[in-house]
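The listed protein sequences derive, respectively, from chains X and D.
Each residue of the first sequence is one higher than the one before, starting from 14 at the first, in the working numbering.
Each residue of the second sequence is one higher than the one before, starting from 3 at the first, in the working numbering.
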Amino acid sequence: MNIAVSAPLPAVAAAAPAKAHGLGRRITWLLLLPSTLWFVLLLLMPLVVILLFSLGERSAVGGYSPAFTFANYLNLASRAAAFSNTLVLAPLGTLVCLLAAYPLAYFLAVKVQRNRSLLLTLVIVPFWTSFLIRTYAWIFILSGKGIPALLASLGLDDVRLINTPTAVLIGIVYGYLPLMVFPIFVSLEKLDKRLLEASHDLGAGAFETFRRVTLPLSAPGVITGVMLVFILLMGEFLIPAILGGGKVFFVGNALVDLFLQSRNWPFGSAVAMTLVAMMLAIIAVYLKLVARFGGRQQDGML
Amino acid sequence: MNDKALWLRSYSTSVYLFLYAPIALIMLFSFNAGRSGLSFECCSTQWFGRAFDNPFIMEALGNSALIALCSALLATLFGTLAVFGLQRVGGRVRMLFDALTYCAIIVPGIVIGIATLIAFITLFDLFNPLLAALDMGIPKLRMGFFTVIAAHSLFTMALVMVIVRTRVDALDKALLEASADLYAPPLDTFWRVILPQIAPAILAGFLLAFTFSFDDFIIAFFVAGSESTLPIYIFSSIRRGITPEINAISTVIILASLALLFTSRYLQGRRAA
């Protein structure tokens, strides 16, 4: 019967069981049709269009005119500032996030017994509430009447925070900390606590145990968290736009400018493709690392 | 040892403060009696009234709610159908869908926004002359509600697929066999055994999809055309300066999304009755 299904059949041979099977197959494809359509129309096709645009030329009125040229890619250097800002602040932000998140994840996974899932939910929930609103809240804290005024009353005058790289960094840590905590928590929670006791019994100090037992065993979570945060940071727009005040800008801000203000779509597409290529490279490194450290993929924030 | 635990505990408490203080600050400032966005005088609820009387805010709010509702419904429907479809296919198709799902989740919003923007514009440029030539009174295709709904529902469909699939994979297969043994037709088994068990996951996925769409700024910023959504309105207002009115509407949004999120997590965590 299995053979009958896959081979093209003469009408006579299409007996009742095969018919039922054909119906089942049609149902399967009907179930998958909408999502397939969506993936093709709204994910794959747009990415292909971007790729084509990036090889085109800017038409006189803005927008796109067909061509086949690498000029847009060769011109990337004209947006070097955006790339270098991104490539400095995204890794730095990821690192600070990691350092801030690890102790919290450790605390939740190892030390907390009661209310653990509630406490974890409280960490994750801010990530899903309006990023825009949570970011602009920092204008209160970082602008003249916030922390600088507080510092001035302590005798530290003329501290500027808003519209500096520091402000952007604070915004980054604030925005992405929850995303870092979760995967680290998951890998620490799975860690067999008896290993810690064993290490202690064998005479290792607390630091030695952390360095040689806890840290290596939580590596998959750390790698996942770092990758998630880093990739999202590479495409960040809101934090630099709101807390960087046009002085600290990322590739994302350059993209908004290129597409919505100066309307240089082919060049913008080249910038976007470069961004995507950088992300793919990071994912490739991630998959290599995961293969080495034996972690598994996890869809943390859901 | 105890010192270390104490250190960890106080550090963790300060992280929670760090996470929630800015949110609390916005809420506090929405009760400002003064006109300035950045200095606080106690206390008044007038800004809530003013925000809800502002026609621009109300229009943006309505747009956001409508877009979120439509895109979440589409995402939930398409995503759930796909999960069931994937139960009936081989490993290779499943892997392909997994790859696409993770791709849709991981590609940053800004790239999705740009890509859908230029894809739609290219499509519209192709179809509009055709529509005009047909002369059937079909309005010109342009960026607006539908493009935002489409772009949002791609990402949220992937979310729904991950959430619902987790629950479907955890279904007790013995129950399905028992149902079949008792001569229930497959559709009956679906309605009376499978659906009740996965309904909370579907609802959780819907709520998460709604929240995402309602809060999204960057995708809508690219594909909304001349339409305004609430995040777009807030973004353009804070560029001109923060007002208590904006704080008031932000407070309402935060409270609403917190309620939705906790409901969603509760539903995800609940064991089937």
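Cβ coordinates follow ideal geometry from the N, Cα and C atoms, glycine included.
Since this is a predicted model, take the numbers as computed values, not measurements.
Is DSSP giving residue i helix, strand or coil here?
i	result
D/S38	coil
D/R167	helix
D/R144	coil
D/R241	helix
D/S215	helix
X/L204	coil
D/F2	Shown here, chain D extends from 3 to 275; a query on residue 2 of chain D therefore has no answer.
D/T253	helix
X/R129	helix
D/P233	helix
D/Y22	helix
D/S181	helix
X/V264	helix
D/Y268	helix
D/E247	helix
X/T237	helix
D/E90	Looking at the sequence shown, residue 90 of chain D is not Glu but Arg. Three-state result, D/R90: coil.
D/A274	Model confidence at D/A274 stands at a pLDDT of 42, short of 50, so the residue's coordinates are unreliable and nothing is read from them.
D/G110	First, the amino acid is wrong: residue 110 of chain D is Pro here, not Gly. Coil at D/P110, not helix or strand.
D/R11	helix
X/A24	Here X/A24 scores only 37 on pLDDT, less than 50, and its place in the model is too uncertain to base an answer on.
X/D214	helix
D/D127	helix
D/P187	coil
When you compare each of the options to residue i by their alpha carbons, which one comes out closest?
i	options	result
X/L2	D/C72, D/A53, D/R90	No answer is possible for residue 2 of chain X: the residues shown for chain X start at 14 and end at 315.
D/I277	D/A160, D/D217, D/F99	It is not possible to answer for residue 277 of chain D, since the shown part of chain D is limited to 3 through 275.
X/S78	X/M291, X/N277, X/K301	X/N277
X/I185	X/L36, X/L108, X/S156	X/L108
X/G188	X/G159, X/L215, X/F140, X/P196	X/F140
X/C321	X/I152, X/F52, X/A217, X/L182	The displayed coordinates of chain X run from 14 to 315. Any statement about residue 321 of chain X would go beyond what the structure contains.
X/L64	D/A117, D/M29, D/L156, D/L98	D/A117
X/A90	X/N176, X/G281, X/R127	X/G281
D/P198	D/F148, D/T213, D/D174	D/D174
D/S181	D/V170, D/V195, D/D171, D/A172	D/V195
D/D217	D/L63, D/A7, D/G36, D/L27	D/L63
D/I112	X/F306, X/D270, X/Y299	X/D270
X/V284	X/L164, X/L54, X/N266, X/M193	X/N266
D/A121	X/K203, X/L54, X/I40	X/L54
D/Q270	D/F42, D/A206, D/L119, D/V95	D/A206
X/L60	D/Y13, D/G115, D/P141	D/G115
X/P279	X/M58, X/T82, X/F66, X/G37	X/F66
X/T49	D/K6, D/D5, D/V85	D/V85
Do the CB positions of residue i and residue j come within less than 8 Å of each other?
i	j	result
X/N391	X/F262	Outside the modelled stretch of chain X, which goes from 14 to 315, sits residue 391 of chain X, for which no answer is possible.
X/I252	X/M292	no
X/L121	X/L133	yes
D/R144	D/F129	no
D/V17	X/L112	no
X/M247	X/V264	yes
D/I69	D/S215	yes
D/A53	D/E247	yes
X/A180	X/G257	yes
X/F195	D/F224	no
D/A222	D/T213	no
X/H213	X/T227	no
D/L262	D/S155	no
D/I234	X/R147	no
D/N1	D/S46	Outside the modelled stretch of chain D, which goes from 3 to 275, sits residue 1 of chain D, for which no answer is possible.
D/L102	X/L241	no
X/L155	X/L174	yes
D/G240	X/I255	The displayed chain sequence assigns Ile, not Gly, to residue 240 of chain D. Closer than 8 Å, so yes.
D/W9	D/N249	no
X/K260	X/N128	no
X/L201	X/Y119	yes
X/G238	X/A114	yes
* Contact between the stretch 66-81 of chain X and the stretch 229-241 of chain X (3+ Cβ pairs under 8 Å) -> no
* Ignoring anything shorter than 4 residues or poking outside the stretch 28-98 of chain X, list the alpha helix (DSSP H) runs there in chain order. => 29-52, 58-67, 84-87
* Evaluate the contact criterion for the stretch 191-199 of chain D versus the stretch 53-60 of chain D: three or more CB pairs, one atom per stretch, below 8 Å. => no
* Asked: Does the pairing of the stretch 69-88 of chain D with the stretch 164-172 of chain D give three or more beta-carbon distances under 8 Å?
  -> yes
* To do: Starting from the N-terminal side, write out each stretch of the beta strand (DSSP E) that is 3 residues or longer and does not extend beyond the stretch 140-210 of chain X.
  => none
* Is the stretch 248-263 of chain D in contact with the stretch 143-157 of chain X, if contact means three or more CB pairs nearer than 8 Å? -> yes
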